[in-house]
Amino acid sequence: MEKIITNAKKVIEKTKKLYGNSPDLNTRIINIKGTNVGILFFESSSQASTISDFIIKGTLYTATNKNLFQNIFEALKNNLFNSQLFTIKDYSQFPYFLSSGFTIIVTDNSSEAIIMETRAQLDRGITESSSEPILRGSKDSFTESHSKNLGLIRKRIKDSNLWFDELKLGRRTQTRISIAYINGISDPKKIKEIKKRLKKIDIDGVLDSGNIKDYLIKQKSVFPQIQSTERPDVVSQALLSGKIAIFTENCPFTLILPNVFVDYLHTSEDQNQKSSNITFTRILRTIALIITLFTPAIYIAITTFDQNTIPDKLLISLAIQRKGVPFPTTFEIILLTTIFEILRESDLRSPSSMSAAMSIVGALVLGQAAVDAGIVSPITVIVVAFTSICSLIFTDIDFMNGIRTWRFIFILAASTLGIIGVLSFAIILLIKLASLENLETSYLSPFAPFSIKDQNNAIYKAPEEKIINRPDYVSNLNPHRQRRTK
Amino acid sequence: MKRLTLILSFFIISIFLTGCAGYEELNNLSIVTAVAFDKTDDNYELSFLIANSPKAQTSAKEGEAKTTVYEGKGKTIAEASKAIEQIVPKKTYLGHINVVIISEDIAKDGFLKIADWLLRNPQTRKKFYLLQAKDEKAKNILKITSPLESFPSQSIATLIESNAETKSIATSITYSNFISQILEKGYDPVLPTITIKGDVKKGSNEKNLETTEPETHLALGPLAIYKKDKLEGFSTEKESWAINVLKNEAKEVNYNVKYQNEDISIETNYLKSKIKIIDTQNVEITISGKGDIYNINNKIDIQNYKVINKIEKAWSNSLKKDLSKVIKKIQNKYKSDIFGFGNLIYKNKPKTWQKLEKDWNNKYFPNLNVKIKTNLKIEATGSLVQTIKEGK
């Protein structure tokens, strides 16, 4: 703690020096009956009109007050109009409040300073989610404003048990991190563990929730164990099921944990549509997952090792198609898959005006022309295209990338060991997934360990009135989410 | 780090093991879809039908195939196959053999002499059809192109599959089935035959496909009757039909019944034969079946159940007569137990069989007394009540 000097002029000089005479630090000194009142704010992060209307006006009005006694500080504190007004005694807190858009008022003869909220609106409004679009459901999404994000949740869950625990991370950025949970549903042990892991972080800056993701995981894996979403309805649903959400200041993506594998086969829309149809959709997603993981590998394995398994006519047609292709099948597949991944990556980073050109080059030049030139066989294009389409069914980018890594592992296994290689690496994948655990929740729950109670919302989705329990693997503190009706 | 090196070394080692694991690119394979065995003097002649030689001047995406036949000679089949591998530029791949055709010379000499090579080869599936070439060299049959299927082996396979179900002149027998039938006690096998109708040279030319009426085509013939692994002779078409009925291979067959001097066509939709061994001299075969009337050309009141009963009776009698004639002929002329009477005795009374086994084909089988019982029913008479005739 650093004491505030009881001289307004000196405080201003000291602060200016602290910021290296940055021009956006605005200061003003008003003399009221021989006492200096210093006002400090950043014009870049504060709303100038608020300061003029309420602080300058208020101060000058106070000065004209005939009943003013010698204590100007107390008079100011009681006469300024603002919903957020408080005093601090620690000078070292000045930079945090100044940068956050607060205005600081210091007076001579006082070791305290008045802090007033005068933040500028430095964020966009609440818009539709662009990364997780849905057909049926609420359309709003989180923004860069921390209080707006918390408000979007508060608005949805009006229970007083919705608690936010706040801490600041990043030595230089001083980013606000809010841990949201519903008291009485979420497991306190998990909350404690998350806080413990977050408090260990000592880093210069946290700019995005992605920066703290890795600290919250114990076992490393290519598959994500924490979901990040920009949809408030997803977060609210997660909170209601006993999960814990972590909000990061200036970041529209909120982290949800603990997450399990089967959560990536779900979407927020699943809650809003007919249950029986959702079961079918989830089966489709599971099939797509298997296809996108194994198709290229199995294609390589059966065309280069186990030709016996292909029907006669198909084999002959495949053999004819491969006539004149100079590369081995494995190389062909890896080449095309890599090209697709590069296309996807460049499409993500390029502005939308370029995407038309990209799709023409991608589809026509790389697909059609490569076949016509005899560099790749048509069936390989079909295999890679089918695989890629199936991988696009998943919205979580981390999950897609995890699948991609394993797809390449399977391709290598298939090209060296054939179908046996694919099978043995599939077993390795299963072992790796089953051994993953985060916050005492197994990654393959509710399948391994198997829980028959939680099967009503894993792949099979029971009608909403039949889902009585909250998932057991998340928290078993308060297991019933609705009363049994008859 | 330790685990990483373990995984890396696993991959590196496995790259060197690819040779053992049998890595083979598709375009380096010559896919053999049909094999023909012939015999010339002392040498065996082996012919491969290779399906994936691409047509000239078509791009890869059209995927059209042309077939080529390669021949090789040798003292053994293996030697002949090596001779072919010297001509064929790519590696021959036997995993997709569809059809195997053996010539009459091979069949008369004994099939088991050549059976070993295809069974011993680890690549082959052992599930291909076996056919007997009749009046022609086996290799010529591979050369005939068909307008409906892209390569000959496929056309033979579809021909035999559809024929076995509907016409019941041929039966479909796989290679391994045939061998197991040879090895079974008291059982002699039959084989479907295939011949060429027309000129071989014209039929092997691609131009054969361009005409609307191909000059040369393949045709399935009547069954070849074997005694163990040796060819005994060929049956006629009517006999083949009867053999298939007795062997329980025919299902949808057409039969013409003479009734009041007019032919009535009956199509069976269910036909079953059951052989019962009474003792070593007497055998009873029960034929039960259901059929529909398909064709009547005279005025018969088929709404009357008594008439139907009469037709059923006529059907029974004529079928009995036909079948016993065929059995008699096989008993006396070929003396090969293709119905498996001996096999049934062996299964029921193994000790009695031991006494009979030696002289079964020559002494006991020809003198077997076969009695035929029938249980036939007409179920439907089609959409017409009366036949189409001018009313008077």
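The listed protein sequences correspond, in order, to chains G and L.
When the letters of the first sequence are read in order and numbered with the working numbering, they come out as residues 175 to 660.
When the letters of the second sequence are read in order and numbered with the working numbering, they come out as residues 746 to 1137.
Just so you know, even glycine gets a beta-carbon here, dropped at the ideal spot from N, CA and C.
Assigned secondary structure, residue i (DSSP; H/G/I helix, E/B strand, else coil)
i: residue 355/G; result: strand
i: residue 327/G; result: helix
i: residue 642/G; result: coil
i: residue 1004/L; result: strand
i: residue 1015/L; result: strand
i: residue 290/G; result: strand
i: residue 804/L; result: With a pLDDT of 46 at residue 804/L, under the threshold of 50, the modelled position of this residue cannot be trusted, and the question is left open.
i: residue 1087/L; result: helix
i: residue 948/L; result: helix
i: residue 440/G; result: coil
i: residue 474/G; result: helix
i: residue 786/L; result: coil
i: residue 309/G; result: coil
i: residue 206/G; result: strand
i: residue 1062/L; result: helix
i: residue 655/G; result: coil
i: residue 211/G; result: strand
i: residue 636/G; result: coil
i: residue 616/G; result: strand
i: residue 1037/L; result: strand
i: residue 1093/L; result: helix
i: residue 314/G; result: strand
Partner residues on chain L for residue i, Cβ-Cβ distance less than 8 Å
i: residue 502/G; result: 770
Residue i at chain A interface by Cβ criterion, 9 Å
i: residue 498/G; result: Any reference to chain A falls outside this structure, whose protein chains are G and L.
Residues sharing a beta bridge with residue i, DSSP
i: residue 1021/L; result: 1029/L
i: residue 337/G; result: 355/G
i: residue 1130/L; result: According to DSSP, residue 1130/L bridges with nothing at all.
i: residue 717/L; result: Residue 717/L cannot be examined here, being either before or after the span of chain L that is shown, 746 to 1137.
i: residue 777/L; result: 795/L
i: residue 1119/L; result: 1032/L
i: residue 831/L; result: Beta-bridge pairing links residue 831/L to no other residue.
i: residue 942/L; result: 962/L
Closer than 9 Å at the beta carbon, the chain G residues around residue i
i: residue 776/L; result: 481, 486, 489, 490, 493
i: residue 874/L; result: None at all; the shortest Cβ gap to chain G is about 12 Å.
i: residue 870/L; result: 482
i: residue 1036/L; result: By Cβ distance, chain G contributes nothing, its closest Cβ being about 36 Å from residue 1036/L, past 9 Å.
i: residue 691/L; result: Because chain L spans 746 through 1137 in this model, residue 691/L falls outside it and cannot be assessed.
Under 7 Å by beta carbon: chain L residues contacting residue i
i: residue 477/G; result: 771
Integer-rounded CB distance, given that residue j should sit under 8 Å from residue i
i: residue 514/G; j: residue 562/G; result: 5 Å
i: residue 884/L; j: residue 783/L; result: 6 Å
i: residue 641/G; j: residue 631/G; result: 6 Å
i: residue 867/L; j: residue 794/L; result: With a Cβ gap of about 21 Å, residue 867/L and residue 794/L do not count as contacting.
i: residue 383/G; j: residue 429/G; result: 5 Å
i: residue 316/G; j: residue 468/G; result: Actually they do not touch by this definition, with Cβ atoms about 36 Å apart.
i: residue 970/L; j: residue 1069/L; result: 17 Å between Cβ atoms; not a contact.
i: residue 282/G; j: residue 180/G; result: 6 Å
i: residue 292/G; j: residue 221/G; result: 5 Å
i: residue 625/G; j: residue 646/G; result: 6 Å
Under 8 Å from the C-beta of residue i: neighbouring residues of chain G
i: residue 920/L; result: Neighbours of residue 920/L on chain G: none; closest Cβ ~16 Å, over 8 Å.
i: residue 838/L; result: 481
i: residue 817/L; result: By Cβ distance, chain G contributes nothing, its closest Cβ being about 22 Å from residue 817/L, past 8 Å.
Interface partners of residue i on chain G, CB under 7 Å
i: residue 796/L; result: 490
i: residue 841/L; result: 486, 489
i: residue 767/L; result: 479
Can you give, in chain order, each stretch of the alpha helix (DSSP H) that sits fully within the segment 217-274 of chain G and has at least 4 residues? Taken in chain order, the complete alpha helix (DSSP H) segments of 4 residues or longer contained in the segment 217-274 of chain G are 231-238, 246-253, 268-273.
What are the complete alpha helix (DSSP H) segments, minimum 4 residues, inside the segment 366-395 of chain G? With a minimum length of 4 residues, the continuous alpha helix (DSSP H) runs that stay inside the segment 366-395 of chain G are 383-387.
Which runs of the alpha helix (DSSP H) fall wholly inside the segment 546-594 of chain G and span at least 4 residues, in chain order? Entirely contained in the segment 546-594 of chain G, the alpha helix (DSSP H) runs reaching 4 residues are, in chain order, 552-565, 571-591.
Sequence ranges, beta strand (DSSP E) only - wholly within the segment 858-927 of chain L, length at least 3: As far as the segment 858-927 of chain L is concerned, its whole beta strand (DSSP E) runs of at least 3 residues are 874-878.
Suppose only complete runs of 4+ residues qualify. What are the alpha helix (DSSP H) ranges in the segment 486-513 of chain G, listed by chain order? The segment 486-513 of chain G contains these whole alpha helix (DSSP H) runs: 486-495.
Just list the alpha helix (DSSP H) runs in the segment 833-858 of chain L, keeping only unbroken ones of 4 residues or longer that don't cross its boundaries, in chain order. Complete alpha helix (DSSP H) runs here, min 4: 849-854.
Length at least 3, wholly inside the segment 394-472 of chain G: the beta strand (DSSP E) runs in chain order: Whole beta strand (DSSP E) segments, 3+ residues: 401-403, 418-422, 428-431.
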